Amino acid sequence: LDVPEGPGLFDADGGLFAPAAVTLEEGSVLAFGTGDLLPDEHAEERVTRVLADGVRSGRGLQQLGDDIVYALPDDTRSAGAALLLARTGTVSDHRVATWDLAQDRTTPATARLLVRDRLQGWGLDEDTVDATELIVSELVTNAVRYGTPPLRLRLLLDTTLTCEVHDGSTASPHLRHAHTVDEGGRGLFIVSRLAAHWGARHGPDGKVLWTEQKLPGSG
118 LDVPEGPGLF DADGGLFAPA AVTLEEGSVL AFGTGDLLPD EHAEERVTRV
168 LADGVRSGRG LQQLGDDIVY ALPDDTRSAG AALLLARTGT VSDHRVATWD
218 LAQDRTTPAT ARLLVRDRLQ GWGLDEDTVD ATELIVSELV TNAVRYGTPP
268 LRLRLLLDTT LTCEVHDGST ASPHLRHAHT VDEGGRGLFI VSRLAAHWGA
318 RHGPDGKVLW TEQKLPGSG
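Number 277 in this note's numbering belongs to position 160 of the sequence shown; there are no gaps in the numbering.
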């Protein structure tokens, strides 16, 4: 893929990644690796061949990753090289809900009602509904207080439940471990306790704060 080069995978120094939008077919597999994963063009050819064969045969990502690693030279495997694989998928339209919200102090309450109604319509359990209400309330409150329009909320229900809150600001949020008597700064801390994963991604039109929740019975 022709995308801007960013920090190395697992780079201890961190750094920001430039956003890139690419259209991919469902079921496409993306491979990310550290620089020492492909020490020469022969290793790159082997990995490319194994990856292509595995995708065509429908190999699972764990199996495909093992195939790639074992195709590499022994000294590469022992050098601490890292490989990350991801497969694209789609979510059916009836499992996606999107709302444009006003930049207003009453918006968090409105968002809670919208979320509860939709999640109950999807048949989710009450504990998940309650937790998602609180997550969305905190994210939307953060966007209303510190973000800029446009403000948008999206829910995606698949094997996990994903919540996304978009606003027009590019300022990065920071997790604060606030004291129990502190009325401010607790939003992202609460979110981090309720969600399995959370993060932020930036684009040309602002940022998205997202969370991912495990569903009962999903392991």
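By construction, the Cβ of each residue, glycine as well, lies at the ideal position given by its N, Cα and C atoms. Given the structure is predicted, the values throughout are model-derived calculations rather than measurements.
8 Å contact criterion, which residue i and residue j should meet: CB distance rounded
{"i": "L256", "j": "V213", "result": "Going by Cβ atoms, the distance from L256 to V213 rounds to 17 Å, so no, they are not a contact pair."}
{"i": "W327", "j": "G316", "result": "6 Å"}
{"i": "L168", "j": "E161", "result": "At roughly 10 Å, the Cβ-Cβ gap does not stay under 8 Å, so L168 and E161 are not in contact."}
{"i": "K324", "j": "T276", "result": "Their Cβ separation, rounded to whole angstroms, is 25 Å, which puts K324 and T276 out of contact at 8 Å."}
{"i": "A137", "j": "P121", "result": "6 Å"}
{"i": "L202", "j": "L178", "result": "5 Å"}
Endpoints, beta strand (DSSP E) assigned at residue i
{"i": "G316", "result": "H314 to G320"}
{"i": "L202", "result": "L200 to R204"}
Residue i classed as buried or exposed, judged by whether at least 16 other C-beta atoms fall within 10 angstroms
{"i": "S254", "result": "buried"}
{"i": "G264", "result": "buried"}
{"i": "T165", "result": "exposed"}
{"i": "L278", "result": "buried"}
{"i": "T297", "result": "Reliability of the predicted coordinates at T297 is poor, the pLDDT of 45 falling under 50, and the value obtained from them is presented with this limitation in mind. It counts as exposed."}
{"i": "P225", "result": "buried"}
{"i": "T223", "result": "exposed"}
{"i": "Q237", "result": "exposed"}
{"i": "H211", "result": "exposed"}
First through last residue of the alpha helix (DSSP H) which encompasses residue i
{"i": "D184", "result": "L178 to Y187"}
{"i": "A169", "result": "E158 to S174"}
{"i": "G150", "result": "Element bounds for G150: not the alpha helix (DSSP H) but the beta strand (DSSP E), V146 to G150."}
{"i": "V232", "result": "T224 to G238"}
{"i": "V213", "result": "Premise fails: V213 lies in the beta strand (DSSP E), V213 to L218, not in any alpha helix (DSSP H)."}
Sheet register partners of residue i (DSSP bridge)
{"i": "R262", "result": "According to DSSP, R262 bridges with nothing at all."}
{"i": "G323", "result": "G320"}
{"i": "T277", "result": "K331"}
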